[in-house]
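Numbering (the working numbering), first residue to last: 33 to 203.
Structure, rendered in structure tokens:
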């Protein structure tokens with residue numbers, strides 16, 4: 033199953049689309065320069081699912097990628113014109129204790145971040161997981177994927193968002 037959609041967040045020359053809790057919001061730029069990039073939030077309603085073993089579930093106000101049952105399925109998002117910089121990558125996910133232990137990989141900009149998923153309080157208790165940082169060296173389009181590397185039990189997780197937050201790096 034492939035779920036096609038618009039891009040998670042889109043940037044144009046005159047405006048920067050930045051993520052917020054509800055999706056992408058527009059901030060005007062001045063003088064032809066892009067505004068400062070805020071967090072980019074990639075949501076389940078904008079995911080492209082590569083494979084047949086996951087689907088978007090939940091309610092319109094709280095959609096998530098769920099029923100993820102195999103390592104052959106990847107979640108993919110496209111971000112247009114992401115500003116260069118270092119970004120903290122986080123997953124907002126939920127996972128019942130009896131299914132904990134999958135290892136997931138976030139890949140973007142030629143980098144991979146790997147983490148083992150711990151249980152949250154329930155399938156619908158979403159918590160943030162800090163996956164690490166990604167360095168974007170030049171402005172442009174970015175493809176980000178989340179793929180399970182291992183899955184010791186029936187389900188991987190319920191994934192609601194991937195959050196990219198700019199990190200100030202000491203100069």
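A virtual CB, placed ideally from N, CA and C, is assigned to each residue, including glycine.
- Distance from the CA of residue 163 to the CA of residue 157, rounded to the nearest whole angstrom, comes to 18 Å.
- For the 9 Å CB-CB criterion, residue 173 and residue 112 form a contact.
- The residue among 189, 74, 188 and 137 with its C-alpha nearest the C-alpha of residue 110 is 74.
- Judged by their CB atoms, residue 114 and residue 107 are not nearer to each other than the 9 Å cut-off.
- Minimum Cα-Cα distance from residue 125 among the listed residues 118, 100 and 104 corresponds to 100.
- Check the Cα spacing between residue 146 and each of 87, 179, 94 and 117: the tightest is with 179.
- As DSSP reads the structure, residue 148 sits in a beta bridge with 135.
- Distance from the Cα of residue 167 is smallest, within the candidate group 138, 161, 83 and 155, for 138.
- If you check the CB distance, residue 105 and residue 82 come in under 9 Å.
- Apart from sequence neighbours up to five positions away, the residues of its chain that approach residue 143 with a beta-carbon distance below 8 Å are 166 and 167, ordered along the chain.
- Contact between residue 183 and residue 103 holds, since their C-beta atoms are separated by about 5 Å, short of 8 Å.
- Comparing alpha-carbon positions, the option among 78, 140 and 134 lying closest to residue 149 turns out to be 134.
- Under DSSP, the beta-bridge partners assigned to residue 75 are 193.
- When the beta-carbon positions are compared, residue 86 and residue 188 come within less than 9 Å of each other.
- In the DSSP secondary-structure assignment, residue 173 is not bridged to any residue.
- Between residue 176 and residue 123, the beta carbon gap of about 11 Å keeps them out of contact (Cβ cut-off 8 Å).
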